[in-house]
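S.K.: Structure in structure tokens, see below.
There are 2 protein chains.
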Amino acid sequence: MPLLTEKLTSNQQTVLNLLEGTKGPLKAYAILFDIQKKGIKSPLQVYRALDKLIEIGKVHKIESKNSYIACSNNNCNSQTSTSFLICEMCDKVTELKKNNLSVYFSKESEKSNFKYTKHNLEIFGICQKCKKKI
Amino acid sequence: MPLLTEKLTSNQQTVLNLLEGTKGPLKAYAILFDIQKKGIKSPLQVYRALDKLIEIGKVHKIESKNSYIACSNNNCNSQTSTSFLICEMCDKVTELKKNNLSVYFSKESEKSNFKYTKHNLEIFGICQKCKKKI
DNA sequence: ATTGATATGTTATAATATAACATGTAATAT
DNA sequence: ATATTACATGTTATATTATAACATATCAAT
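Chains as they are written, first to last, in the numbering used here: chain A, 261 to 394; chain B, 261 to 394.
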């Protein structure tokens, strides 16, 4: 069964809908708060949905912010490497589109005799919009 | 006053000594446990010391593990970008030595009109030692 | 010596995440 | 069609990670 067609459960879909309808990253308890009207009552329900969504690549965790964001790479299913630009002024988060970073990191890793499997990259700086304000 | 000569306070030195004497990363409450004999009694004392040590570049946080590790780049003082190799089998963490990653990320960022200031990179895979076991 | 900045000690609490277990659901193998 | 299997759910409790608030102490620079 290809992951691409995997059907989401109700809780998973509810969490994904919220994240996809939100520009930036959300924290787990913010998600919980927002979907309580849909009958989700406990943190665990949120975390379990997030775990699954992350596993299939629909959602990514921003580690430095303990936050979760919908994948914006359309076909990033089941991919677990992530690369983000994070604005230090406005907190805007942009996912870098699939690029050659994995290849580059693979090569860098080999220099240390390390077999690359995946990565998390968080780049901090100033976004285009905020640059103009300075 | 150059950061290089900044003198650490007692708590800061105690935490740094422990981290420098430990191979891998430690969690905050593990640090607390290990230095209670030195008179440090509360999480906050640990977190405050860590904050300072991170600020001056002597310690880095491994975001994906909520853990802290002494900087192994001798002269990484006041540098806040970090790059790690993390073994998925044995949890060994290796800090990548100062290399050209910042330059590379700076260029990648510019493609999105984003002004790079620093980064966190965590590469997951299999270390040399563990590769042999497979 | 006084000031100002920073660090400390302490208690309490906030924020993030998982354990454990009973129950439910839906696909599939017999 | 039902027994089996795997996974998801609901729920309560609790573990883990981190910060707030505030009184006191230290120490360097004027």
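Where a beta carbon is used, it is the ideal one built from N, C-alpha and C, also for glycine.
1) Using a Cβ cut-off of 7 angstroms, pull out every chain A residue sitting near residue 379 of chain B, in sequence order please.
2) How close, in whole Å, do the beta carbons of residue 374 of chain A and residue 284 of chain B come, if the pair is a contact with beta carbons under 8 angstroms?
3) Can you tell me where the alpha helix (DSSP H) holding residue 324 of chain B begins and where it ends?
4) Hey, could you find the ends of the beta strand (DSSP E) residue 270 of chain B is sitting in?
5) Relative to the C-alpha of residue 315 of chain A, which candidate in A/387, A/293, A/301, A/276 has its C-alpha closest?
6) Count the other C-beta atoms from every protein chain shown that fall within 10 angstroms of the C-beta of residue 380 of chain A, then say buried if there are 16 or more, exposed otherwise.
7) For residue 383 of chain B, I'd like the list of residues in its chain whose CB is within less than 6 angstroms of its CB, leaving aside the five on either flank, ordered along the chain.
8) What's the C-alpha gap between residue 291 of chain B and residue 325 of chain B?
9) Put residue 375 of chain B into one of helix, strand or coil per three-state DSSP.
10) Spatial neighbours of residue 270 of chain B within its chain, please: CB distance less than 8 angstroms, with the 5 preceding and 5 following residues excluded, ordered by chain position.
11) Along the chain, where does the alpha helix (DSSP H) containing residue 346 of chain B start, and where does it finish?
12) Suppose you measure from the CA of residue 323 of chain B to the CA of residue 323 of chain A; what does that come to, to the nearest Å?
13) Within 10 Å of its beta-carbon, does residue 328 of chain B have 16 or more other beta-carbons around it, so buried, or fewer, so exposed?
14) Given this structure, state the Cα-to-Cα distance separating residue 357 of chain A from residue 272 of chain A, to the nearest angstrom.
15) Would you say residue 376 of chain B reaches chain A, if we count a Cβ-Cβ gap shorter than 7 angstroms as a contact?
16) Bridge partners of residue 397 of chain B, per DSSP?
17) Where residue 265 of chain A and residue 297 of chain B are concerned, what is the direct C-alpha to C-alpha distance, given to the nearest angstrom?
18) Return helix, strand or coil for residue 287 of chain A, following the three-state DSSP convention.
19) For residue 364 of chain A, which of A/330, A/278, A/341 has the nearest alpha-carbon?
20) Residues of chain A with a CB under 7 angstroms from the CB of residue 387 of chain B: which are they?
21) Cutting at 7 angstroms between CB atoms, please list the residues of its own chain near residue 354 of chain B, excluding the five before and the five after it.
22) Can you give me the Cβ contacts of residue 305 of chain A inside the same chain, cut-off strictly under 7 angstroms, excluding the 5 residues immediately before and after it?
23) Could you tell me the distance, in whole angstroms, from the CA atom of residue 352 of chain B to the CA atom of residue 282 of chain B?
24) Buried or exposed: which applies to residue 280 of chain B, given that a residue is buried once 16 or more other Cβ atoms fall within 10 Å of its Cβ?
25) Can you list the residues of chain B that residue 365 of chain A reaches, using a CB-CB cut of under 7 angstroms?
26) What does residue 345 of chain B reach in chain A if we use C-beta pairs closer than 8 angstroms?
27) Quick check on the burial criterion: 16 or more other C-beta atoms within 10 angstroms. Buried or exposed for residue 369 of chain B?
28) Have a look at residue 359 of chain B and residue 299 of chain A and give me their C-alpha separation to the nearest angstrom.
29) Under 7 angstroms, Cβ to Cβ, is there at least one residue of chain A near residue 315 of chain B?
M.R.: So, from the data block:
1) 381, 382, 383, 384
2) Residue 374 of chain A to residue 284 of chain B, Cβ: 15 angstroms. No contact.
3) Element bounds for residue 324 of chain B: n/a, residue is neither H nor E.
4) Run containing residue 270 of chain B: none in the beta strand (DSSP E); it sits in the alpha helix (DSSP H), 270-280.
5) A/276
6) That one is buried.
7) In the same chain as residue 383 of chain B, and ignoring 5 residues on each side of it, the C-beta atoms closer than 6 angstroms to its own belong to 345, in chain order.
8) 14 angstroms
9) strand
10) So no residue of the chain qualifies.
11) That residue, residue 346 of chain B, is in no alpha helix (DSSP H); its beta strand (DSSP E) goes 342-347.
12) 6 angstroms
13) buried
14) 24 angstroms
15) yes
16) This structure cannot settle anything about residue 397 of chain B, because the visible part of chain B is limited to 261 through 394.
17) Note that residue 265 of chain A scores a pLDDT of 46, beneath 50, so its modelled location is shaky and nothing firm can be said.
18) DSSP places residue 287 of chain A in the strand class (E or B) of the three-state scheme.
19) Relative to residue 364 of chain A, the option among A/330, A/278, A/341 whose CA is nearest is A/341.
20) Neighbours of residue 387 of chain B on chain A, chain order: 374.
21) 344, 345
22) 271
23) 12 angstroms
24) exposed
25) 383
26) 369, 372, 374
27) Buried, because 16 or more other Cβ atoms sit within 10 Å of the Cβ of residue 369 of chain B.
28) Looking at the two C-alpha atoms, the distance is approximately 50 angstroms.
29) Contact with chain A is absent for residue 315 of chain B, since none of that chain's Cβ atoms lies less than 7 angstroms from the residue's Cβ.
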